[in-house]
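Undergrad:
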Amino acid sequence: DNTRWIETRSLTDQFKLIAARQVLVVADSCFSGAMTRSIPADLTNATTRDAYLSKLLEKTTRVLIASGGNEPVVDAGASEHSIFADAFLRALRVPFAPIFTAEELMTRHLKESVAGRAEQLPEYKVIRNSGHDGGDFIFVKRR
């Protein structure tokens, strides 16, 4: 019965067809971290933050922020949302910088906010076989 789930392969096939340069998938579900592989964080070639962000924007991005790895996750615990969704929404409502990457969102906010309140560890990874080329999703605060 596939009315309650989506096969990972069908998602990655669709990601390859999306014309957008940057795609970020946020998955708040059990075992959602299983569709990814790790991305190394190497910022040594960036001479300035602006240059670094510009380089990221030139690259195709297909990344996932998952509420947990290949494990069950808590689907309640914070008002009307899961602990993960609550932390994600709080980070977007009150961003720590006017421009930031999905990886920064994960390392500066989500990991500690979620893992400190639940037995799950959020993950940030490249989506396997999706056409990822080394970029990152960039968030820009509304004025």
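Sequence positions in the sequence shown follow our numbering and run 1 to 143.
We treat Cβ as the ideally placed atom computed from N, Cα and C, and that holds for glycine.
(1) Using only CA atoms, which one of Glu-71, Val-63, Lys-55 lies nearest to Met-106?
(2) Could you tell me which uninterrupted alpha helix (DSSP H) segments, each at least 4 residues in length, are contained entirely in the region 53 to 93, listed from first to last along the chain?
(3) Counting only the same chain and skipping the five closest in sequence on each side, list residues whose C-beta sits under 6 angstroms from that of Glu-103.
(4) Would you decide whether Pro-98 is buried or exposed? Buried here means 16 or more other CB atoms lie within 10 Å of its CB.
(5) When the Cα atoms are used, what is the spatial distance from Arg-128 to Phe-100?
(6) To the nearest angstrom, how far is it from the Cα of Gly-131 to the Cα of Ala-91?
(7) Below 8 angstroms between beta carbons: does that hold for Ala-118 and Ile-65?
(8) Between which two residues does the beta strand (DSSP E) carrying Glu-103 extend?
(9) DSSP three-state call for Ile-6: helix, strand or coil?
(10) Strictly by DSSP, which residues pair up with Leu-24?
(11) Report the rounded CA-to-CA distance for Leu-56 versus Arg-49, giving the unit in angstroms.
(12) I need the DSSP call for Glu-119, collapsed to helix, strand or coil.
(13) Answer with buried or exposed for Val-140, where buried requires no fewer than 16 other C-beta atoms within 10 angstroms of its C-beta.
(14) Run the CB neighbour count on Val-23, radius 10 Å, all protein chains shown included, and call it buried at 16 or more, exposed below.
(15) Just to confirm my understanding: we take Leu-121, look at its own chain, exclude 5 residues before and 5 after, and list those with CB closer than 6 angstroms. What are they?
TA: Reading from the atomic positions:
(1) With distances taken between CA atoms, Met-106 lies nearest to Val-63 out of Glu-71, Val-63, Lys-55.
(2) 83 to 93
(3) Tyr-124, Asp-136
(4) Pro-98 counts as exposed, since fewer than 16 other C-beta atoms from the protein chains shown sit within 10 angstroms of its C-beta.
(5) 23 angstroms
(6) If you take the alpha carbons of Gly-131 and Ala-91, they lie about 28 angstroms apart.
(7) If you check the CB distance, Ala-118 and Ile-65 do not come in under 8 angstroms.
(8) Not the beta strand (DSSP E): Glu-103 falls in the alpha helix (DSSP H), residues 102 to 105.
(9) coil
(10) Val-63
(11) Looking at the backbone, the Cα of Leu-56 and that of Arg-49 are separated by about 11 angstroms.
(12) coil
(13) Exposed is the call here.
(14) buried
(15) Ala-115
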